[in-house]
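Trainee: Using the numbering used here, the first residue of the sequence shown is number 8, and each one after it goes up by one.
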Amino acid sequence: MTETSDGLHVRRPVPSDHQRVLAVLDDWWSGSQGAAGSHQRAHLLPRLFFEHFTDTSYLVEGPDGEVLGFLIGFLSPAHPRLGYIHFVGVSPAARRRGIAAHLYRLFTEHAVRRGVRELRCITSPGNALSVAFHTGLGFEVDPGDRLVDDVAVQGDYDGPGVDRITFTHRLVTPLAPSATGETDLRTLLRSLSPLLHPGRYVYTVVHGAMPAGVKPVVLVREAEGLTLVVPREQADALGLTYTYVAAWITLGVHSALEAVGVTAAVSGALAAAGISANVTAGFAHDHVFVPYERAADAMRTLSAVAAGPCT
Ligand SMILES: CC(C)(COP(=O)(O)OP(=O)(O)OC[C@H]1O[C@@H](n2cnc3c(N)ncnc32)[C@H](O)[C@@H]1OP(=O)(O)O)[C@@H](O)C(=O)NCCC(=O)NCCS
């Protein structure tokens, strides 16, 4: 596997990576919960994950081959529509460069291709970094039986005294059996199912050929140049210029291209909330790009559109 983010090498883990990852855990988790925490983390990452779960896991290496990040995930054998992220970590020296978001994106793309519609993961109470990261990516904290630092916690989730925060991220709804898509506006709005993709996306314009290594999620050819919407890390890695940094929301409902009124309803609701929106239609879904810092507001607004009366 040769995917790169920010010039880093991303590949599937192999069994010999197990010890290398164990060796960094305490440092990366800042020795959280002392010896007991260290013991627990090592037990949560047995070698089997580096042997039998490698097609849904990722390892990031720096220029000198040092481990800079990892994600261990799997598709639930019992629930085929569920993807589970078991463990994620990024070296303190490489944080806030979008590495974890990139790994979540790779996992999500893989999972969605295999029919997954929901992502889940858990974290320990008090891990504010993990809560900030997951909610920043669009995960929601599941209800709990008490609050710790204002976050819902489920007591005894993993055994007596082992409390956890659990997260869920609902992905796009499956395409309707009809290849033509839904046309009724009321039905469309009720089943809008907005999905907030992990990470930040930027609009950039290139002239001439598309630069190697760019994987745009939107491409528009105009006389003035080629407009690309790409993950910000790709633009940064290639030195592409941009000003608008967006969050990408996909409307999970399968709307027909000839459906009337969805774009107006969506952009109208966002405009009423003071959120600018760039809407693009694919064959199956509509996609909305909103200012990154308004992503949570936009998701709330779109959920309200889906829940509200359609007149
Ligand atoms: C949580 C962790 C994996 C995030 O890795 P990362 O590569 O730094 O995260 P990213 O750069 O991809 O961040 C993506 C988004 O998450 C949010 N985020 C990440 N770190 C954050 C922080 N310290 N404070 C607030 N928000 C944060 C932001 O929204 C960020 O986007 P932005 O940088 O564009 O604002 C990393 O901090 C880590 O390894 N922590 C220790 C291990 C751990 O707790 N793992 C999770 C539980 S298993």
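Note that the Cβ used here is the ideal one computed from N, Cα and C, for glycine as well.
Just to confirm, does Thr130 get its C-beta within under 7 Å of one of the non-hydrogen atoms of ligand 1?
Mentor: Within the cutoff, so yes.
Trainee: Helix, strand or coil for Val119? Go by DSSP, reduced to three states.
Mentor: Helix, per DSSP.
Trainee: What do you get for Ala253, buried or exposed, if any count of 16 or more other CB atoms within 10 angstroms of its CB means buried?
Mentor: Buried is the call here.
Trainee: Over what stretch of residues does the beta strand (DSSP E) that includes Asp293 continue unbroken?
Mentor: Asp293 -> beta strand (DSSP E) spans 293-298.
Trainee: So, helix, strand or coil for Leu15, using DSSP?
Mentor: Strand.
Trainee: So what does DSSP say about Ile79, is it helix, strand or coil?
Mentor: Looking at Ile79 - three-state DSSP - the assignment turns out to be strand.
Trainee: How would you write the range of the beta strand (DSSP E) that Arg127 sits in, first residue to last?
Mentor: 125-130 is the extent of the beta strand (DSSP E) around Arg127.
Trainee: Whole-angstrom Cβ separation of Asp24 and Phe60, contact assumed at under 8 Å?
Mentor: Between Phe60 and Asp24 the Cβ distance is about 12 Å, and since that is not below 8 Å, they are no contact.
Trainee: Secondary structure at Leu202, three-state DSSP: helix, strand or coil?
Mentor: DSSP places Leu202 in strand when its eight states are reduced to three.
Trainee: For chain D, find out if any of its Cβ atoms is closer than 8 Å to the Cβ of Tyr210; answer yes or no.
Mentor: In the structure shown, chain D does not exist; there is a single protein chain.
Trainee: Which same chain residues end up closer than 8 Å to Ile256 when comparing Cβ atoms and leaving out the 5 residues on each side of it in sequence?
Mentor: Only Pro201, Leu202, Leu203, His204, His294, Val295, Phe296, Val297, Ala302, Ala305, Met306, Leu309 meet the Cβ criterion.
Trainee: So for Val227, helix, strand or coil by DSSP?
Mentor: Correct three-state label for Val227: strand.
Trainee: What do you reckon, is the C-beta of Asn134 under 7 Å from a heavy atom of ligand 1?
Mentor: Yes - ligand 1 has a heavy atom lying nearer than 7 Å to the Cβ of Asn134.
Trainee: Can you tell me whether Phe94 is helix, strand or coil according to DSSP?
Mentor: Of the three classes helix, strand and coil, the one that applies to Phe94 here is strand, per DSSP.
Trainee: Would you check whether ligand 1 has a heavy atom nearer than 7 Å to the C-beta of Gly105?
Mentor: Yes - ligand 1 has a heavy atom lying nearer than 7 Å to the Cβ of Gly105.
Trainee: Quickly, what does DSSP pair Thr173 with across the bridge? List them, please.
Mentor: BP columns for Thr173 point to Ile129.
Trainee: By the DSSP assignment, the alpha helix (DSSP H) with Thr257 in it spans what residues?
Mentor: Element bounds for Thr257: not the alpha helix (DSSP H) but the beta strand (DSSP E), 252-258.
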